[in-house]
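A short worksheet on the structure shown next.
Residue numbers (my numbering): 34 to 618.
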């Protein structure tokens, strides 16, 4: 709490000791002990200690129960000597829980935790006073009505102002009602429960000629080299494989991992059941810098699509909201817009926010001038797969399968990874001239429902969400080898009035690339028709190259092995090169 409420400057390193260090093994012991204590029936209430530590957990528990609490800080286990009451109440030490046990069963709870070699002590009691009373060294150091710190606490009303660059720019407004016209069943029926009443005109996009004029010009005498563009995008840090990072962590603990890192979402089985959990993590600072509200909605939608691409029904989200100083009216405006955007998307998808945190004052100083980060919300989505045998694994598997696109492609280039990597546009330039893709929630729900229904019925060989880098990147990634399948090429043919750049690299939302056997085509068409989802057949798997033609003219032709090599190695090479430079300095 202290860290989140202070500005950092050049002397910020002195505050490093206040950053909590987690202990995953101790956390695992704590989780197991809590589960055992819950099964015993001895627990009346429990809450973890997050921001503000013992202060927030005790006050929030008392507020929910409509009771009071009395706590003796002398009894709280402490790692340091001579800690003040202030330090004990606000400490954010990790791996701690606050438990209210049923009267007379306190010893039973303590014994369970000690069995797991964990500290557990009685530090206070529940009262009917409606007040929290804090004792330290036999003296009352704090006493206040619980409601004054919770439901009746004063609210900040900081000044807010939209940046001049975004004033007057086109906005997109999606309005929802509570009528579910999807006609779904089983898991699909639970997905959404809302339909869009109307969608105001899509965000204006930059002129197509301007987009092409700034496109990467390769060695073909000024003719755009889309092969080189695709290679450059696959090497970009936002798109390149993150294997260099996640291989340094044990992602097979307890052998529950079903779908390894690197897919749209990770999948972990629930032992002794057929169920599994899918988990994704998404963010896009560019989108939220240009339009915080719409950017936040796009992030939630993408995170949901990612779990759907494994065959999972989206259930709930957590978030990590990262911003500059809230004392800046423009930052506070962006924060408010992001919250509204998250809420709108979560209501539409029926995915409640079950936890989260806010990190303000993320700024760097250049010659004494503060420069804040762009609004950067990160969304974690969890979904459930009812039958783990129906999981969809990433990547094309065999030759001769049909490749199809769920959803439609628009000219969404101006705030894309293509704009950043190929056109070299900065975020400031995007804020001044770009527009984020328009999210049609009715279309989003239709695409997700179609994919989920097809997965439930075991019709799909693969499914991959389209996001950074658009269709070309998604197709390339689907061609790459996986733990269970060798690399497989693809021949794709697109018919479109859009430019080649937009066809390949547009980041229009609500799109999924799927592959399936030819005999299942009519069945999948029926599902797409039922949910009013656009379905376009775009190609077939096979060969050792990725070939993409637009309007019968081939504009991409590259060996899959070459594409995969640059995708797998670029991030590691970049990080290792930076480490060498840093060491030399």
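Cβ atoms here follow ideal geometry from the backbone N, Cα and C, with glycine treated the same way.
None of these values were measured; they are calculated from a predicted model.
Worksheet entry | Cβ contact (3+ pairs, closer than 8 angstroms) linking the stretch 409-424 and the stretch 345-354 | yes
query = Helix or strand or just coil, what does DSSP make of residue 206?
reply = Taking the first residue of the chain shown as position 1, residue 206 is located at position 173. Summary for residue 206: the model assigns pLDDT 31, below 50, so the residue's position carries little reliability, and this model does not support an answer.
Spatial neighbours of residue 194 in its chain, beta-carbon cut-off 7 angstroms, leaving aside the 5 residues before and after: Within the chain shown, the letter at position 161 stands for residue 194. Within the same chain, residue 194 has close Cβ partners 362, 363, 366.
- Message: Rounded to the nearest angstrom, what separates residue 294 and residue 96 at their Cα positions?
- Response: Position 261 of the chain shown, counting from 1, holds the residue named residue 294. Position 63 of the chain shown, counting from 1, holds the residue named residue 96. Their backbone Cα atoms lie some 40 angstroms apart in a straight line.
Inset, instruction - Pull up the DSSP beta-bridge partners for residue 351, would you. - result: Position 318 of the chain shown, counting from 1, holds the residue named residue 351. Beta-bridge pairing links residue 351 to 388, 413.
- Query: Counting pairs of Cβ atoms below 8 angstroms between the stretch 461-473 and the stretch 271-285, do you hit three or more?
  - Reply: no
task = From the DSSP output, read off the bridge partner residues of residue 514.
result = Within the chain shown, residue 514 is the residue found at index 481, counting from 1. Beta-bridge pairing links residue 514 to no other residue.
### Query
The alpha helix (DSSP H) with residue 336 in it runs from where to where?
Here residue 336 corresponds to residue number 303 of the chain shown, with the count starting at 1. Its alpha helix (DSSP H) spans residues 325-341.
The ligand ATP heavy atom lying under 7 angstroms from the CB of residue 583:
Questions concerning the ligand ATP fall outside what the structure shown contains, since it holds no ligand whatsoever.
Inspect the CB distances between the stretch 140-157 and the stretch 61-77 and report whether three or more fall short of 8 angstroms. yes
Do you know offhand how far residue 57's Cα is from residue 138's?
What you label residue 57 is simply residue 24 of the chain shown in a count that begins at 1. What you label residue 138 is simply residue 105 of the chain shown in a count that begins at 1. Distance between the alpha carbons of residue 57 and residue 138: 29 angstroms.
TODO: Give the DSSP-derived three-state secondary structure of residue 240 in the structure shown.
DONE: One-based indexing of the chain shown puts residue 240 at position 207. Any answer about residue 240 is weak, because its pLDDT of 33 lies below 50 and its placement is not dependable; what the coordinates show is given next. Coil at residue 240, not helix or strand.
Item to complete: Starting from the C-beta of residue 469, find all residues in its chain whose C-beta is less than 7 angstroms away, skip the five residues before and the five after it, and write them out in chain order.
Response: Taking the first residue of the chain shown as position 1, residue 469 is located at position 436. Counting only Cβ-Cβ distances below 7 angstroms, and skipping sequence neighbours, we find 236, 320, 323, 324, 327, 328, 331, 448.
Is it true that the stretch 474-488 meets the stretch 561-581, where meeting means three or more beta-carbon pairs spaced less than 8 angstroms apart? yes
Requested in this report: For residue 404, count neighbouring C-beta atoms within 10 Å of its own C-beta (all shown protein chains included) and say buried if the count is 16 or more, exposed if not.
Outcome: For the purposes of this step, residue 404 is taken as the residue at position 371 of the chain shown. So residue 404 counts as exposed.
Inset, instruction - Name the one or two DSSP bridge partners that residue 435 has. - result: Mapped onto the chain shown, residue 435 falls at position 402. Residue 435 is bridged to 549, 573.
*Name the residue from 130, 259, 155 whose alpha carbon lies nearest to the alpha carbon of residue 451.*
Reading the chain shown from its first residue, position 418 is the one you call residue 451. Taking only the C-alpha atoms, the option nearest residue 451 is 259.
Exercise for the section: Mind reading off the beta-carbon distance from residue 348 to residue 416? Whole number of angstroms is fine, and I expect it under 8 angstroms. Expected result: Walking along the chain shown from the start, residue 348 turns up at place 315. Walking along the chain shown from the start, residue 416 turns up at place 383. At roughly 6 angstroms, the Cβ-Cβ gap stays under 8 angstroms, so residue 348 and residue 416 are in contact.
Practice task
Within 10 angstroms of the Cβ of residue 586, are there 16 or more other Cβ atoms? Answer buried if so, exposed if not.
Solution key: Start at 1 with the first residue of the chain shown, and residue 586 comes out as number 553. Under this definition residue 586 is an exposed residue.
* Best match in 262, 573, 501 for proximity to residue 433 [C-alpha to C-alpha] -> Reading the chain shown from its first residue, position 400 is the one you call residue 433. Out of 262, 573, 501, 573 has the C-alpha closest to the C-alpha of residue 433.
* Asked: Quick check: the stretch 338-348 against the stretch 440-447, are there 3 or more CB pairs under 8 angstroms?
  -> no
| residue 542 and residue 495 closer than 8 angstroms at C-beta | One-based indexing of the chain shown puts residue 542 at position 509. One-based indexing of the chain shown puts residue 495 at position 462. In this structure, residue 495 does not lie closer than 8 angstroms to residue 542 by Cβ.
Q: Determine, using beta carbons only, whether residue 311 and residue 340 come nearer to each other than 8 angstroms.
A: Counted from its first residue, the chain shown places residue 311 at position 278. Counted from its first residue, the chain shown places residue 340 at position 307. Yes; because the gap between Cβ atoms is below 8 angstroms, this pair is in contact.
Any idea what DSSP makes of residue 57, helix, strand or coil? By one-based count along the chain shown, residue 57 stands at place 24. Here residue 57 sits in helix by DSSP.
Between which two residues does the alpha helix (DSSP H) harbouring residue 260 extend?
-> For the purposes of this step, residue 260 is taken as residue 227 along the chain shown, with counting starting at 1. Unbroken alpha helix (DSSP H) run through residue 260: 259-268.
Mapping DSSP to helix, strand and coil, what is residue 307? Along the chain shown, one-based indexing puts residue 307 at 274. In the structure shown, residue 307 sits in coil (DSSP, three-state: anything other than H, G, I, E or B).
For residue 539 and residue 438, I'd like the C-alpha separation in whole angstroms.
The count along the chain shown starts at 1 and reaches residue 539 at position 506. The count along the chain shown starts at 1 and reaches residue 438 at position 405. Going from the Cα of residue 539 to the Cα of residue 438 covers about 14 angstroms.
Discussion item. Taking the beta carbon of residue 590 as the centre, do at least 16 other beta carbons fall within 10 Å, making it buried, or is it exposed?
Written reply: Translated into positions along the chain shown, residue 590 becomes position 557. Residue 590 should be labelled exposed.
Runs of 4 residues minimum, wholly inside the stretch 453-533: which ones carry the alpha helix (DSSP H) assignment? 460-466, 474-489, 503-512
Problem - Cutoff 8 angstroms; reference residue 392; Cβ partners in own chain excluding five residues on either side - result: What you label residue 392 is simply residue 359 of the chain shown in a count that begins at 1. Contacts found: 37, 353, 354, 355, 356.
- Exposed or buried, what is residue 549 when buried is set at 16 or more other beta-carbons lying within 10 Å of its beta-carbon? The sequence position of residue 549 within the chain shown is 516, counting from 1. The residue in question, residue 549, is buried, as its Cβ has 16 or more Cβ neighbours within 10 Å.
Report task. Could you tell me if residue 296 is buried or exposed, where buried requires 16 or more neighbouring beta carbons within 10 angstroms of its beta carbon? Result -> Here residue 296 refers to the residue found at position 263 of the chain shown. Flag for residue 296 reads buried.
Since I believe residue 103 is in contact with residue 166 (beta carbons under 8 angstroms), could you give me their beta-carbon distance rounded to a whole number of angstroms? Here residue 166 is taken as the residue at index 133 of the chain shown, counted from 1. Here residue 103 is taken as the residue at index 70 of the chain shown, counted from 1. Sure, about 5 angstroms apart at Cβ, within 8 angstroms.
Worksheet item: Starting from residue 362 and walking both ways along the alpha helix (DSSP H), at which residues does that stretch end?
Response: Position 329 of the chain shown, counted from the first residue, corresponds to residue 362. Run containing residue 362: 362-382, per the alpha helix (DSSP H) assignment.
task = Please confirm whether residue 498 and residue 597 have their CB atoms less than 8 angstroms apart.
result = As a position in the chain shown, residue 498 is number 465, starting the count at 1. As a position in the chain shown, residue 597 is number 564, starting the count at 1. Going by C-beta atoms, residue 498 is not nearer than 8 angstroms to residue 597.
key: Residue environment, residue 429, which counts as buried when at least 16 other CB atoms sit within 10 Å   = Here residue 429 is taken as the residue at index 396 of the chain shown, counted from 1. Under this definition residue 429 is a buried residue.
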